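**Q**
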Amino acid sequence: MSTPVRAAVGEGTNVTVSELAIRGGRPLRGRVDVKGAKNLATKAMVATLLGETPSTLRDVPDLSDVAVVRSLLEVHGVQVAEGDEPGSLTFDPSGVESAHMEEIDAHAGASRIPILFCGPLLHRLGQAFIPDLGGCRIGDRPIDFHLDALRKFGAVVEKLPSGIRLSAPDGLRGASIHLPYPSVGATEQVLLTAVRAKGTTELRNAAIEPEIMDLIAVLQKMGAIISYEPNRVIFIEGVESLRGYDHRSIFDRNEAASWASAALATDGEIFVGGARQQEMLTFLNVFRKAGGWFDIQEDGILFRRDGELKPVVVETDVHPGFMTDWQQPLVVALTQATGRSIVHETVYENRMGFTDALVKMGADIVVHPHGLQDGPRRVARRELEQAAVITGPTPLHGADIVVPDLRGGYSHVIAALTAQGESRVSGVDILSRGYEKFLDKLTALGADFDVIR
Ligand code: UD1
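End of the sequence shown = 453 in full-length UniProt numbering, gap-free, step of one.
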C-alpha cells in the first residue's frame, strides 16, 4: 500500500493550502521546533534499501518530499510503518521487488530524490528506472555527475522518453571518481552505490555537508567502511552485505536558519528548538554581522535583532561556506538593513528570481544575472553566478505574489509578514516540501493570516 503524496502545511491535515492572506507589520515571537533534516531523512530512507534487516529512522519530518520517498520505497516492496515513538518510521526491505515504470513515475512527485535510488536498486535488483526529475525550479539541476559516476561503477544507462533505465549486467565495482563540483546529490549517489560495490571507491572533490556526514554515520551503522580524508576525499571499501540501522536524524539547519532570518526581518524573537551551533557556525557569523543577536542554549538557539540591521556581503558556497538555502530569507532581512548588501549566488544559476516579488513590495534589489565582476572575493567566480545588490532600509508594503520555489516561497511569506498591509501569497503548498506544519508554526509565532484556499 502506498501513502498518497500530500502537502500537509497544517497540523494533522491532509488539506493542500495554496493561498494565504497575510497581514504584516507584527513581529514574530515565540518558539518553533525543528525536526530531522529533509536533506538527510530522505537519503537515509533510500539507504534502507541496502540493508538485509529492517531500519528505524527517528525525527522524520512530515514533508511532501518524505512522502514521495516513502511511496517510492513502498512501490519497490519496502514495508514502511510507524516506529516506537512519534516521528519514527521503520522500513522492512525483505520484500524488495521491481516496480512498473508507470507506477514509479506516478509516485515520484516533484522530487529529485528518486535519482538516489539508482545504486541501491542496481545492487538489489540489477536494474532501476528513474523518471524525469522535478525539484524546485532553481536552474537546470542536471544529473550528469550522477550518471557519469554510475557508469564508472559499471552501470549501463539507457535514456528513455520518460526517464532513464539502468542495468548492471556484471554487477557494480569500486571506482575512482573526481566530481567536477562538490555536488551534494552526486556525493550521496557515490556513497549509496560504493558501499556494496566490489572493491574500493575513491571519491575526490566530494561534498562534506553535515547531512552527508550524517548519511555516512547511517551507512557505518549498517556495516559500511567509509573513511573521510582531508581535502574532500572519501574512501569507501565495498562490503558483501549491509544490515538495517537505528538512527536519529540530524536537525534541519536550513529550517533553523529560515526562522532566524524571520526573527531578524520582522524584528521579533524566535527560539528555534532543536537548532545546534556546530552545524550553523557560518550562518551565525553572518547573522551577527547583519545585526542579529543569538543565545545558544542546551535545547536550541534564541534569535533576535541587536539594534539596527547592518548591510553584509555574502557568497553562497558548498559547506563549510554559507549555504545557498540560507540566502533567500536573509535577503528579506537585508531589505531592512541600513546600507548596501551584496549576495553572490555561486551554487545555482537561477536562484534570485524570488527577489522580483520583494521589489514589487517596495524593496530596492538589483539582480546582476551574470554576477559582479569586481570586488574582493572569498569564493572563486563560477560561470553560473548571480548577484543581488540590496539597498535598505526600504519599507515593504503588501502585494499579490506567487511562490516560485521552496526557499524563495518562504522568503515571500516572511516579506509579507514584514510588510505593512495585506498580501495575497499563492502557491504556498510548495512550502510543505521543506517546512513541517508551517501554518501551525506561523500561528504559534503570532502571525496574522487567513487561509484563502
Ligand atoms: C542539495 C540540497 C539542496 C541544496 C543543495 C546545495 C537535498 C535534497 N537538496 O541539492 O537543498 O541547495 O544540495 O547545497 O539535499 N550539478 C550538476 N550536475 C549534477 C549535479 C549537480 O551540474 O549531476 C550542479 C547543480 O546544477 C548545482 C550544483 O551542482 O549548480 C550543486 O548541486 P547539488 O549539490 O547536487 O544539489 P542537490 O543535491 O540537488
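Idealized CB from N, CA, C, for every residue including glycine. None of these values were measured; they are calculated from a predicted model.
1. Provide the residue(s) that pair with residue 450 in DSSP beta bridges, ordered along the chain.
2. With three or more C-beta pairs closer than 8 Å as the rule, is the region 262-274 touching the region 210-228?
3. Just the C-alpha distance for residue 156 and residue 146, rounded to the nearest angstrom, thanks.
4. For residue 92, tell me which candidate among 340, 320, 244, 312 has the shortest Cα-Cα distance.
5. Could you tell me if the beta carbon of residue 350 falls within a distance shorter than 7 Å of some heavy atom in ligand 1?
6. Give a yes or no on whether the C-beta atoms belonging to residue 238 and residue 168 are separated by under 8 Å.
7. What is the DSSP secondary structure of residue 123, reduced to helix, strand or coil?
8. Take residue 258 as the anchor and find which of 119, 214, 303, 226 has the nearest alpha-carbon.
9. Rounded to whole angstroms, what is the Cα-Cα separation between residue 65 and residue 273?
10. Report yes if the C-beta distance between residue 42 and residue 88 is below 8 Å; otherwise report no.
11. Taking the straight line between their C-alpha atoms, what separation do you get for residue 150 and residue 333?
12. Distance check for residue 385 and residue 352, CA to CA, integer angstroms please.
13. Does the separation of the CB atoms of residue 446 and residue 421 fall below 8 Å?
14. Applying the 10 Å Cβ sphere with the 16-neighbour rule, what's the burial state of residue 366?
15. Can you tell me which residues form a DSSP beta bridge with residue 228?
16. Compute the Euclidean distance between the alpha carbons of residue 159 and residue 181, then round it to the nearest angstrom.
17. Are the CB atoms of residue 172 and residue 190 within a distance shorter than 8 Å?
18. Just verifying my parser: in three-state terms, what is the DSSP assignment at residue 133?
19. Of the choices 270, 408, 131, 229, whose alpha-carbon is the least far from that of residue 107?
20. Is the Cβ-Cβ distance between residue 395 and residue 354 less than 8 Å?
21. Go to residue 33, then tell me how far its beta strand (DSSP E) extends in each direction, as first and last residue.
22. For the alpha helix (DSSP H) that contains residue 218, what are its first and last residues?
23. Is the distance from the Cβ of residue 188 to the Cβ of residue 215 below 8 Å?
24. Tell me which same chain residues have a C-beta within less than 6 Å of the C-beta of residue 411, skipping the five on either side of it?
25. When you compare each of 31, 348, 94 to residue 125 by their alpha carbons, which one comes out closest?
26. Roughly how many angstroms lie between the CA atoms of residue 62 and residue 101, to the nearest whole one?
27. Is there a Cβ from chain C that is less than 8 Å from the Cβ of residue 154?
28. Out of 114, 34, 380, state which residue places its alpha-carbon closest to the alpha-carbon of residue 47.
29. How would you label residue 39, buried or exposed, when you count the other beta carbons within 10 angstroms and need 16 or more for buried?
30. Would you kindly report the start and end of the unbroken beta strand (DSSP E) that includes residue 198?
31. Could you tell me which of 123, 28, 209 sits nearest to residue 323, measuring between CA atoms?
**A** Let's see:
1. One-based indexing of the sequence shown puts residue 450 at position 450. In DSSP, residue 450 forms a bridge with 21.
2. no
3. The residue given as residue 156 occupies position 156 in the sequence shown. The residue given as residue 146 occupies position 146 in the sequence shown. Distance between the alpha carbons of residue 156 and residue 146 is about 13 Å.
4. For the purposes of this step, residue 92 is taken as residue 92 along the sequence shown, with counting starting at 1. Nearest option by C-alpha distance: 244.
5. On the sequence shown, position 350 is the one that residue 350 refers to. Residue 350 Cβ: outside cutoff for every heavy atom of ligand 1.
6. Residue numbering aside, residue 238 sits at position 238 when the sequence shown is read from its first letter. Residue numbering aside, residue 168 sits at position 168 when the sequence shown is read from its first letter. No, the Cβ-Cβ distance between residue 238 and residue 168 is not below 8 Å.
7. In the sequence shown, residue 123 corresponds to position 123, counting from 1. If DSSP states are grouped into helix, strand and coil, residue 123 belongs with the helices.
8. Taking the first residue of the sequence shown as position 1, residue 258 is located at position 258. It is 303.
9. Position 65 of the sequence shown, counted from the first residue, corresponds to residue 65. Position 273 of the sequence shown, counted from the first residue, corresponds to residue 273. If I take the Cα positions, the gap works out to 22 Å.
10. Mapped onto the sequence shown, residue 42 falls at position 42. Mapped onto the sequence shown, residue 88 falls at position 88. No, the pair does not count as a contact, with Cβ atoms beyond the cut-off.
11. Locating residue 150 in the sequence shown gives position 150, where the first residue counts as 1. Locating residue 333 in the sequence shown gives position 333, where the first residue counts as 1. Roughly 42 Å between the two C-alpha positions.
12. In the sequence shown, the residue the question calls residue 352 occupies position 352. In the sequence shown, the residue the question calls residue 385 occupies position 385. Taking the straight line from one Cα to the other gives about 10 Å.
13. Translated into positions along the sequence shown, residue 446 becomes position 446. Translated into positions along the sequence shown, residue 421 becomes position 421. Going by C-beta atoms, residue 446 is not nearer than 8 Å to residue 421.
14. Within the sequence shown, numbered from 1, the residue matching residue 366 stands at position 366. Exposed.
15. The count along the sequence shown starts at 1 and reaches residue 228 at position 228. DSSP, once it has assigned bridges, lists 234 as partnering residue 228.
16. Within the sequence shown, residue 159 is the residue found at index 159, counting from 1. Within the sequence shown, residue 181 is the residue found at index 181, counting from 1. Going from the Cα of residue 159 to the Cα of residue 181 covers about 24 Å.
17. By one-based count along the sequence shown, residue 190 stands at place 190. By one-based count along the sequence shown, residue 172 stands at place 172. No; because the gap between Cβ atoms is not below 8 Å, this pair is not in contact.
18. In the sequence shown, counting from the first residue as 1, residue 133 sits at position 133. Here residue 133 sits in coil by DSSP.
19. Taking the first residue of the sequence shown as position 1, residue 107 is located at position 107. Closest by alpha carbon: 131.
20. Taking the sequence shown and counting its residues from 1, one reaches residue 395 at position 395. Taking the sequence shown and counting its residues from 1, one reaches residue 354 at position 354. No, these two residues do not count as a Cβ contact at 8 Å.
21. Within the sequence shown, residue 33 is the residue found at index 33, counting from 1. 29-33 is the span of the beta strand (DSSP E), which, as asked, contains residue 33.
22. As a first step, residue 218 must be located in the sequence shown, where it is residue number 218. Counting along the chain, the alpha helix (DSSP H) containing residue 218 begins and ends at 210-221.
23. One-based indexing of the sequence shown puts residue 188 at position 188. One-based indexing of the sequence shown puts residue 215 at position 215. In this structure, residue 215 lies closer than 8 Å to residue 188 by Cβ.
24. As a position in the sequence shown, residue 411 is number 411, starting the count at 1. Cβ neighbours of residue 411 beyond the five flanking positions: 328, 329, 332, 354.
25. The residue given as residue 125 occupies position 125 in the sequence shown. Comparing Cα positions, the closest option is 94.
26. As a first step, residue 62 must be located in the sequence shown, where it is residue number 62. As a first step, residue 101 must be located in the sequence shown, where it is residue number 101. Looking at the two C-alpha atoms, the distance is approximately 26 Å.
27. Considering every chain present, this structure includes no chain C. It has just one protein chain.
28. Numbered from its first residue, the sequence shown carries residue 47 at position 47. Cα-wise, what sits closest to residue 47 is 114.
29. Your numbering for residue 39 matches position 39 in the sequence shown. Buried is the call here.
30. The residue given as residue 198 occupies position 198 in the sequence shown. Unbroken run through residue 198: none, as it is neither H nor E.
31. As a first step, residue 323 must be located in the sequence shown, where it is residue number 323. Selected option, being the one with the closest Cα: 209.
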